[in-house]
Amino acid sequence: AGQVYPTGQYIPGQNPYGTVAIPPTSNVAVNMGDITQPNTTVMPIEGRKAPSSNIYGHDFFISDGLALIPSVNAPVPASYVLGPGDEVVIDIWGNSNANYTRTIGNDSAITIQGIGPIYLGGMTLAEAEKHLKSKMATIYSGLRGSGTNLRISIGKIRGVTVYVLGEVYTPGVYTLPSLSSIATAIYMAGGIMQYGSVRNINLYRQSELKGTFDLYDYIFKGKYDTNIRLQDGDIISVGPTGNLAAVGGALNRYELKYEMKDGETVQDLINYAGGFTVNAHRDMVHIDRMGAKVGESFDVAKDDFETFRVCAGDSLFVSSTVLKYGNRVHITGSVLHPGPYAISDKLKTLSQLIEAAGGVQEGTHTARGYIARRDADMKPVNVSFSLENVLKGVEDIDLVRDDSVRVFTVMELQDSVIVSVQGEVNSPGDFEYRDGITLGDVILMAGGLTDGGDLANVEVATRGREEKGSVKHFNLVADPAGNDEVLYPYDMVFIRTKVNYRELQTVTVTGEVKYPGTYAIEKNSVRLSDVISRAAGFTDDAYVKGATLKRLMTDEEIAKQELALDIAQNQTANPMDTTILDVKKIGDSFTIGIDLNEAVKKPGSYADIILRSGDVIDVPQMNNTVKISGGVYFPNTVAYNPSFSWRDYVDKAGGFVKGARKGKTYAIYMDGSAAVRGSNKFKMEPGMEIVVPQVTETEGRKVSLAEIASLTSSVSSIAYMAAILINLLKK
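If you're matching positions, the sequence shown starts at 982 in the working numbering and goes up one per residue.
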């Protein structure tokens, strides 16, 4: 048998129930390999629903390692009642030897040649063995004496059909091994739901209440008899949750709720919660009780734990005891063994504490240390001492409970001394200064030079001491001896970039070109047409008119965008309008409207934009749709129709809503360009988006978040974006 009573703190996700003991059984082996299969597959543990409530016991049926289906090798108890479908194995040995394997039929009998039917249904295994011995003595006379023996065992057990109803995850009809119990049936049904009871699980047999399964009694008191073995036609009903009480504080299974029966007490609740923790205040607990209008609080003394009854909705809290050590002191800092120590007859003074801590380390600051302690009024005070005098025995200090001694190193009391390396090194930063450190040393400490670093142009700035600071220049290529230049504290080393050095720059082409990918920029003026040519031109599916160019913003462009958004913010009725996006939310890139057809046809023309590193050119396939968004009843996407006007598309989206700003309608095209209604560029094209701005009476002149996002991601000029923003904000 395993441990019935769980111990220790409840940890979510682990089995808090300990090992559940199995009732004593006979030593009869059983083969369950060919039992009738259940008509509902057992839900695996990983698939079972974790209860959303925190009621103790709800996760009993989903706990890892808790197998509630009878084992294939489980022994059959002598009290097992036989029935139709059980396979009976009869062994006879001694003066006579024989073996019979028979299955009990629907008439509850087996048939033995020379004897006829023998009725075993309804008998226990022990009763059946006696009955068989009596019946088979008619053909094996030795069974009447001691010369011949008979033993009965079970080969294959039958299945029983039961009904699981109420607060379970998968109620229904289940066929289970006949050794199954109430807990097995609930396990098969997926466990108990959030509002299901763990203490009011009823078993009905032949329309009468056969018994009630109480999971707490089963776990905490080892009452196996309530986990009744099932029979054909049994009904298991899981009722709703009963009285719930919550616990918190210094209990082993805290922050849980427990289902309490009428009459159960504070002591019962404490037991269910795993008992007190080590530091619990055990003499009194606090209870908050819910009322219809006004709650009530109780402080329950230890003597009343077993008589004070818990009610539905009660919350029990156990305070913790603040641990105080009557003889503990601490020492930290520059000693060999820092940590806590106990005041004793051999350790009463500061010198004895330092000796117990292994003495001081090399580099210890011996001029001064201090003791942090509290006076009689518990106010913090510092007691300073000369560590040198304490070590020499010239002075000493008696220790007091909770003293904390601090011993310093010399380095702790000095300002950190550094040298700095900046510029074209792999790991620029500050480095600890050491006597004799050289220029070559700190370059190595900074990870060496980057690809663009120039050893011919190195500067060392020295902070002035008695005279003004100075800057020295070194050409470590022409004169490597400069690497041996000794540095001073706080020197700053600068590694410059090589003249005409340029990092490898690339652009990317995606979509419908014959050779999409990343291409290096080998000169300062690579244009759209150059890269498309290197990509071998377009595929047959390319929609060149919809091509876009996405470009990373420079710091200057980001600053301009912030300015444009500030201008737009100031144009709104409410300066705190949160519909205006800040630049961080928009991103660090923008889309440039391009005419790729024109650029390819006329290389070097105004349309053939000069590219810069990080640019991404995307050539899409034909998008034969038009998107309608903003102030329409049903924003959606519809098929492109060359005969449609912009109003036709708006009609496809249900028409204008109240507050739609029809005159401010604009379009965003696949190439990233935008056009306001009424301009020459406002044309219906496949892949476009029609945006209808919208305002309400309460919003005044606010611009929608969609408008700002569309504008800031669609225009090629930051200044142009600001102008459009202001224009849209005006009525």
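Each residue gets a CB set at the ideal place from its N, CA and C atoms; glycine is no exception. In this text, all values refer to a predicted model and were calculated from it rather than measured experimentally.
Whole-Å CB distance - residue i paired with residue j, under 8 Å assumed
| i | j | result |
| --- | --- | --- |
| residue 1494 | residue 1519 | 6 Å |
| residue 1354 | residue 1362 | 6 Å |
| residue 1742 | residue 1170 | Nothing in the structure corresponds to residue 1742, since the chain is present only between 982 and 1712. |
| residue 1424 | residue 1471 | With a Cβ gap of about 17 Å, residue 1424 and residue 1471 do not count as contacting. |
| residue 1344 | residue 1391 | 5 Å |
| residue 1071 | residue 1080 | 7 Å |
| residue 955 | residue 1430 | The structure shown does not extend to residue 955, since the chain is modelled only from 982 through 1712, so no value can be given for it. |
| residue 1474 | residue 1452 | Contact flag wrong, Cβ pair sits at about 11 Å. |
| residue 1585 | residue 1477 | Not confirmed; about 36 Å, so no contact. |
| residue 1591 | residue 1506 | 5 Å |
| residue 1280 | residue 1267 | 6 Å |
| residue 1352 | residue 1384 | 5 Å |
Same chain only: Cβ atoms within 6 Å of residue i, ignoring 5 sequence neighbours per side
| i | result |
| --- | --- |
| residue 1092 | 1098 |
| residue 1251 | none |
| residue 1294 | 1271 |
| residue 1347 | 1368, 1369 |
| residue 1482 | 1433 |
Where residue i falls, given that 16 or more other Cβ within 10 Å makes a residue buried
| i | result |
| --- | --- |
| residue 1540 | exposed |
| residue 1159 | buried |
| residue 1420 | buried |
| residue 1542 | buried |
| residue 1074 | exposed |
| residue 1082 | exposed |
| residue 1394 | exposed |
| residue 1318 | exposed |
| residue 1208 | buried |
| residue 1278 | exposed |
| residue 1647 | buried |
| residue 1454 | exposed |
| residue 1037 | buried |
| residue 1416 | exposed |
| residue 1438 | buried |
| residue 1587 | exposed |
| residue 1104 | buried |
| residue 1307 | exposed |
| residue 1061 | buried |
| residue 1114 | buried |
Beta-carbon contacts of residue i that lie in its chain and below 7 Å, excluding the five residues immediately before and after
| i | result |
| --- | --- |
| residue 1525 | 1519, 1577, 1578, 1600 |
| residue 1150 | 1030, 1170, 1171, 1172, 1174 |
| residue 1527 | 1601, 1604, 1651, 1652, 1668 |
| residue 1728 | Here the chain covers residues 982 to 1712 and nothing more, so residue 1728 does not appear. |
| residue 1621 | 1605, 1606, 1607, 1667 |
| residue 1010 | Note that residue 1010 scores a pLDDT of 32, beneath 50, so its modelled location is shaky; the value from the coordinates is reported in the next line. Closer than 7 Å at Cβ, skipping near neighbours: 1056, 1134. |
| residue 1625 | 1665 |
Cβ-Cβ distance between residue i and residue j below 9 Å
| i | j | result |
| --- | --- | --- |
| residue 1201 | residue 1233 | no |
| residue 1387 | residue 1324 | no |
| residue 1057 | residue 1134 | yes |
| residue 1530 | residue 1572 | yes |
| residue 1138 | residue 1183 | no |
| residue 1131 | residue 1102 | no |
| residue 1153 | residue 1119 | no |
| residue 1051 | residue 1165 | yes |
| residue 1610 | residue 1548 | no |
| residue 1614 | residue 1581 | no |
| residue 1176 | residue 1221 | yes |
| residue 1240 | residue 1188 | no |
| residue 1389 | residue 1296 | no |
| residue 1713 | residue 1196 | For the chain, the structure presents residues 982 to 1712; residue 1713 sits outside this window and is missing. |
| residue 1231 | residue 1260 | yes |
| residue 1245 | residue 1299 | no |
| residue 1214 | residue 1143 | yes |
| residue 1457 | residue 1436 | yes |
| residue 1310 | residue 1286 | no |
| residue 1305 | residue 1380 | no |
C-beta neighbour in chain B for residue i, strict 9 Å
| i | result |
| --- | --- |
| residue 1337 | Among the chains in the structure shown there is no chain B, since it carries only a single protein chain. |
Cβ neighbours of residue i in the same chain (closer than 8 Å, five flanking residues each side left out)
| i | result |
| --- | --- |
| residue 1229 | 1235, 1236, 1296, 1297, 1298, 1299 |
Along the chain, which unbroken stretches of the alpha helix (DSSP H) at least 4 residues long are found entirely within the region 1367-1451?
1368-1373, 1420-1426
So within the region 1495-1545, which uninterrupted alpha helix (DSSP H) runs reach at least 4 residues, ignoring any that extend past its ends?
1509-1515
Residue ranges of each alpha helix (DSSP H) run of no fewer than 4 residues wholly in the region 1320-1353, ordered along the chain?
1331-1337
Give, in chain order, every unbroken run of the beta strand (DSSP E) that is at least 3 residues long and sits entirely within the region 1063-1111.
1068-1075, 1079-1084, 1090-1093, 1097-1100
What alpha helix (DSSP H) runs, 4 residues minimum, are completely inside the region 1207-1264?
1247-1253
Going residue by residue through the region 1146-1187, where are the continuous alpha helix (DSSP H) segments of at least 4 residues, counting only ones entirely within it?
1163-1169
Which runs of the beta strand (DSSP E) fall wholly inside the region 1613-1671 and span at least 3 residues, in chain order?
1617-1620, 1647-1649, 1655-1657
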